[in-house]
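Note sheet for the following structure.
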């Protein structure tokens with residue numbers, strides 16, 4: 221029980237602009253979420269949409285649900301209730317052909333499962349879900365699931381017995397969330413009734429609303445954080461915005477009536493909330509390519525088009541017991557840090573970890589065990605492989621959204637995301653080529669003004685002055701190098 225009072229939640233609000241949430245254990249940041257209000261999230265929103273067209277080769281429909289780009293609806297995300305009359309899967313197939321199951325112009329309720337990214341529209345589903353405090357309601361699916369995070373078999377059985385006593389409407393299922401553990405029948409029943417009423421409202425709007433339109437909007441990050449992450453382990457919630465603090469207090473009063481005082485306000489105008497609790501420096505590691513381990517080693521994160529590559533370096537670590545023990549110690553520290561960074565950065569998809577080579581298979585199993593144990597606190601679904609003979613471990617992680625990294629960074633305007641910028645000498649040669657081309661033109665004025673970024677202008681005037689003078693003499697023109705305030709690096713991407 222000594223561990224139950226070590227977790228804290230911090231909610232920082234910039235009114236009308238941004239919400240940040242950090243969860244810590246013993247002062248160390250474990251989870252960090254950001255929502256920029258101008259980049260409104262649509263994940264879990266429910267819309268009434270219209271099928272615009274169906275791609276038979278992809279077995280997917282494109283649905284207009286009221287946003288800028290149509291959403292993408294795969295055949296396996298279409299509930300049978302939307303199938304056209306008498307359409308059934310062919311023998312030996314799980315789903316019917318989508319071009320027969322749906323038709324253009326058909327209206328349906330869809331939920332955003334994955335935000336639109338780049339040129340890709342949002343991934344949609346007609347299998348709706350409504351999250352509450354203790355349940356996720358699943359209309360159209362008569363199921364009874366229990367969160368995999370509840371590992372105690374007796375508790376899982378108790379919850380299922382309680383659910384058999386609560387009345388579920390026909391065609392509705394539920395999944396019990398992790399926080400439902402140890403809850404009594406009264407609390408569970410209250411949450412279930414709330415979700416039933418919410419679903420009735422969604423159904424009514426779905427019938428009366430004119431497609432395309434928004435039917436249900438997910439709550440903001442501050443509300444979701446308290447609803448989804450407030451567990452008995454959390455001893456304090458700090459909020460730096462009075463109105464948000466009041467909303468959090470109201471929610472806590474319902475969830476934990478005896479712990480109303482756990483919500484505390486940060487009213488210091490001279491120091492930010494994250495600065496007061498020494499969180500800012502920890503959060504800055506989210507943006508670093510390299511993270512230093514306690515023993516002196518390093519973990520390096522590199523995102524490619526297909527996967528996230530994670531490399532471990534022993535760095536300045538030292539061991540008196542030889543390389544084998546050094547490799548094991550470094551890899552175990554790295555495994556714990558990687559699990560932490562995956563949550564903080566909300567890294568998803570395919571992840572390949574290059575551990576320091578270990579010959580001993582027992583050591584490999586120990587590192588795998590360390591990684592799996594560290595991932596237990598991760599709310600995202602993860603599938604972890606084993607360390608290969610080459611020291612590589614493959615894993616897959618579900619992306620949760622609200623990642624500070626994805627929301628706050630963009631490709632560098634100078635390197636276009638490659639991490640490399642053309643050298644000054646190379647760029648100066650491209651500038652000289654451009655100047656030479658202009659001087660040869662019949663339309664070139666007597667005074668040729670060449671504008672470029674300050675750094676390159678300074679280099680040209682110092683390193684290429686004599687060559688520019690030779691060109692001036694050759695063509696009988698005058699060249700002036702001028703620095704512009706905004707840099708666009710017009711030549712750095714050339715080949």
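Numbering (this note's numbering), first residue to last: 221 to 715.
Beta carbons are placed, not taken as given, at the ideal position from N, Cα and C, and that holds for glycine.
Note that the structure is predicted; figures quoted are calculated from it, not measured.
Between the options, which has its C-alpha nearest residue i's C-alpha?
| i | options | result |
| --- | --- | --- |
| residue 601 | 616, 593 and 582 | 616 |
| residue 553 | 571, 532, 301 and 564 | 532 |
| residue 573 | 345, 560, 528 and 579 | 528 |
| residue 332 | 440, 293 and 360 | 293 |
| residue 732 | 267, 296, 287 and 288 | No information on residue 732 is available, as it lies outside the stretch 221 to 715 that the chain covers here. |
| residue 457 | 358, 228, 698 and 444 | 228 |
| residue 545 | 584, 569, 518 and 508 | 584 |
| residue 305 | 321, 445 and 290 | 321 |
| residue 606 | 599, 620 and 581 | 581 |
| residue 547 | 565, 563, 586 and 560 | 586 |
| residue 610 | 640, 530, 578 and 421 | 578 |
| residue 694 | 666, 703, 484 and 289 | 666 |
| residue 391 | 348, 354 and 400 | 348 |
| residue 264 | 444, 568 and 519 | 444 |
| residue 329 | 300, 231 and 317 | 300 |
| residue 460 | 230, 279 and 703 | 230 |
| residue 575 | 565, 663, 555 and 261 | 555 |
| residue 273 | 267, 262 and 285 | 285 |
| residue 370 | 686, 599 and 683 | 599 |
| residue 270 | 323, 672, 449 and 307 | 323 |
| residue 523 | 342, 246 and 639 | 639 |
| residue 650 | 633, 360 and 670 | 670 |
| residue 519 | 594, 559 and 307 | 559 |
Which residues does DSSP list as the beta-bridge partners of residue i?
| i | result |
| --- | --- |
| residue 164 | Lying outside 221 to 715, the shown extent of the chain, residue 164 is not represented and no answer is given. |
| residue 616 | 570 and 603 |
| residue 273 | 282 |
| residue 670 | 701 |
| residue 435 | Beta-bridge pairing links residue 435 to no other residue. |
| residue 396 | 355 and 366 |
| residue 522 | 529 |
| residue 266 | 331 and 436 |
| residue 245 | 227 and 248 |
| residue 166 | Limits of the chain in this structure are 221 at one end and 715 at the other, which puts residue 166 out of reach. |
Check residue i in the structure and name its three-state DSSP category.
| i | result |
| --- | --- |
| residue 715 | Any reading at residue 715 is ruled out, since the residue's pLDDT is 30, under 50, leaving its predicted position unreliable. |
| residue 652 | helix |
| residue 239 | strand |
| residue 529 | strand |
| residue 688 | helix |
| residue 456 | strand |
| residue 448 | helix |
| residue 232 | strand |
| residue 512 | strand |
| residue 517 | coil |
| residue 253 | strand |
| residue 330 | strand |
| residue 483 | strand |
| residue 441 | helix |
| residue 663 | coil |
| residue 503 | helix |
| residue 294 | strand |
| residue 534 | coil |
| residue 489 | coil |
| residue 551 | helix |
| residue 310 | coil |
| residue 261 | coil |
| residue 695 | helix |
| residue 305 | coil |
| residue 287 | coil |
| residue 558 | helix |
| residue 494 | helix |
| residue 610 | coil |
| residue 644 | helix |
| residue 575 | coil |
Check whether the Cβ of residue i lies closer than 9 Å to any Cβ atom in chain D.
| i | result |
| --- | --- |
| residue 407 | Although the question refers to chain D, the structure presented lacks it and comprises just one protein chain. |
*Which runs of the beta strand (DSSP E) fall wholly inside the stretch 341-393 and span at least 3 residues, in chain order?*
You should have 343-345, 355-359 and 364-366.
*So does the stretch 399-412 actually touch the stretch 425-435, counting three or more Cβ pairs closer than 8 Å?*
Contact between the stretch 399-412 and the stretch 425-435 is absent, with fewer than three C-beta pairs closer than 8 Å.
*On the three-pair Cβ rule with 8 Å, is the stretch 410-422 touching the stretch 372-381?*
Result no; under three Cβ-Cβ pairs closer than 8 Å.
*Are the stretch 256-269 and the stretch 235-242 touching, with three or more C-beta to C-beta distances below 8 Å?*
Verdict: yes, contact present.
_Inter-stretch contact at 8 Å, needing at least 3 Cβ pairs: the stretch 588-605 / the stretch 546-561_ = The stretch 588-605 vs the stretch 546-561: in contact.
*Take every Cβ of the stretch 645-658, pair it with every Cβ of the stretch 685-705, and state whether three or more of those distances are shorter than 8 Å.*
With a cut-off of 8 Å, the stretch 685-705 and the stretch 645-658 count as touching, because enough Cβ pairs lie within range.
*On the three-pair Cβ rule with 8 Å, is the stretch 494-505 touching the stretch 463-470?*
Cβ pair count under 8 Å is below three, so no.
*Three or more beta-carbon pairs under 8 Å between the stretch 558-573 and the stretch 244-255, yes or no?*
The stretch 558-573 is in contact with the stretch 244-255.
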